[in-house]
Each structure stands twice: as C-alpha cells, then as structure tokens.
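Scroll down for the structure; my scribbles are underneath it.
In the working numbering, the protein residues as written are 24 to 247.
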C-alpha cells in the first residue's frame, strides 16, 4: 500500500509508476492517496488496506519532510505540521492497525526517522523535523513493548542524506548535495537501496528478536 502526500495528479502518477514496477516483479500492490497531516487520513489508509488485502501483518511509516527553519524562525503552525505528519500520523496508523498486528504471529512495524533527531550542528538543527522524528522514535519504542508478548516487533531506521530521484532534490540544491556527500565519513550519499535493505531485514523473520532498535543507515554521519 503506497500512500501519497496529497492527491494531485503528478503525485499519483509517480505512485502508480512505482506500483507498476512492483507489479512487474510479482507483487500485489494498491495505491491510496491522501494527506497524513489530516486527522483521519491514516485510519482511512488502514481501512483501505484491510479491505483490499484482508489483513495487515506489517506496517512501514515513511512519511516526512524537511523543515529547515531555525528555532527562532519556526512558527507554531510549522511545528504542528511536522508533528502531525510524523509522530501523530504514525500513532494513528499503528493504532488503527494494532488489532490486526496483535493477531499476527510475526507482526512487523518499521518507521523511517532521520539523522536530524541525532545530530545537532550550528546552522543545521532543523528543530521541527528533529522534534517530530524524536517523538516518532519514542512512539516506536513504546509500541515495541506492546507488541513484544505476541511476537511482533517495532523498529526505526535512521537514514542520512539519501539520493533522491532525478529532478527531485527536495530542500537542497545540487551543490548542497555534493557538499553533504563530501562531508560524510564514507564520502557518499546513501542510495535508496541502502535504506530499503535495512527495512527489508527488519520486516523479515530473521529480525524476530530485534525490537525497539534505532538503526542508523547513514555512513557514519551521526558519529560526527
């Protein structure tokens, strides 16, 4: 189940393209568009997934965006939006899916956090995103305890700067991306498959005794 922020035509087209790639590889995929910043959207997504697939055994929360405003310049509504999209939406998603997850013998929950919740440098603290991702990580640890007795797990993956699709640079320009790569201990950006591999492991049966973990996939960025 792929969830897009907003239901604009361009966003849905990108999701449909990803879905077709997955289907070509043999996966059964559905696309659902909505805005996780809006209360109720996450519950609608869970209901749509249950209606389409019958049950939920795993949940990956990858919603997020970078708010680069400083502590001084960050307005209340900016902080509220980050908290809505990241920890609040995760809580709503996981709460709606929890009855199904508790019935599974190997439920898996993975949330995508960010290095900004762990690395604080002058001119780059990103307080809205840092606070939201830190709250997200705390919620995942609480959920890990609630799932443990049933054999379920909940974990966090913490990416560093990660290469985007061509033409989708996010909040940084090409020069800034090059600078970020050069400053990394491994001298490169993370590739999407680096993050996907970590998520895949945490969703697998091999990771059945790993829960409440916060796994950096950042080339050592958060060691600096």
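Here a beta-carbon is modelled for each residue, glycine too, at the ideal position from N, C-alpha and C.
Alpha-carbon spacing of residue 104 relative to residue 60, whole angstroms: 7 Å
### Task
In the DSSP assignment, find the beta strand (DSSP E) that holds residue 135 and state where it starts and stops.
Per DSSP, residue 135 belongs to the beta strand (DSSP E) from 131–135.
Tell me the DSSP secondary structure of residue 216 in three-state form.
helix
I want to know whether the region 122–129 touches the region 76–96 - three or more CB-CB distances under 8 Å.
Proximity of the region 122–129 to the region 76–96 meets the contact definition, three or more beta-carbon pairs being nearer than 8 Å.
| query | Nearest to residue 184 by alpha carbon, out of 218, 151, 131 and 111? | reply | 218
Residue 234 lies in the beta strand (DSSP E); which residues open and close that run?
-> Residue 234 -> no beta strand (DSSP E), and no H or E assigned at all.
> Do you know how far the Cα of residue 138 is from the Cα of residue 144?
Replying inline: 12 Å
Residues in its own chain within less than 7 Å of residue 221 by CB, not counting five upstream and five downstream?
180, 238 and 240
Requested in this report: Mind checking which residues open and close the beta strand (DSSP E) that includes residue 181?
Outcome: 176–182
On a Cα-Cα basis, can you pick out the residue from 200, 39, 91 and 178 that is closest to residue 56?
Of the candidates 200, 39, 91 and 178, 39 places its Cα closest to the Cα of residue 56.
| query | Enumerated in chain order, which unbroken segments of the alpha helix (DSSP H) with a length of 4 residues or greater are wholly contained in the region 43–114? | reply | Counting only runs of 4 or more, we get 64–76 and 99–106.
Query - Best match in 132, 89 and 198 for proximity to residue 167 [C-alpha to C-alpha] - result: 132
### Task
Please name the residue or residues paired with residue 256 in a DSSP beta bridge.
Only positions 24 to 247 of the chain appear in the structure, and residue 256 is not among them; the question remains open.
Among 35, 178, 170 and 243, which residue has its Cα nearest to the Cα of residue 123?
170
Does DSSP put residue 144 in a helix, a strand or coil?
coil
With DSSP collapsed to three states, give me the class of residue 208. Coil at residue 208, not helix or strand.
**Prompt:** Where do the N-terminal and C-terminal ends of the alpha helix (DSSP H) with residue 229 fall, by residue?
**Reply:** Segment: none, residue 229 is in no alpha helix (DSSP H) and carries neither H nor E.
Q.
Pull the bridge partners of residue 246 from the DSSP assignment, please.
A. DSSP output for residue 246 lists no bridge partner at all.
Review point. Is there contact between the region 224–232 and the region 147–166, where contact requires at least three CB pairs shorter than 8 Å?
Key: no
* Asked: Over what stretch of residues does the alpha helix (DSSP H) that includes residue 172 continue unbroken?
  -> No alpha helix (DSSP H) holds residue 172; DSSP gives it neither H nor E.
When the Cα atoms are used, what is the spatial distance from residue 64 to residue 112?
8 Å
- Message: Between residue 153 and residue 140, how many whole angstroms is the CB-CB distance? I'm expecting something under 8 Å.
- Response: 5 Å
Open item on the list: With distance defined between alpha-carbon atoms, name the residue in 75, 85 and 211 nearest to residue 108.
Closed with: 85
- prompt: Leaving out the 5 sequence neighbours to the left and right, which residues in its chain are closer than 8 Å to residue 211 when beta-carbon positions are compared?
  reply: 204 and 242
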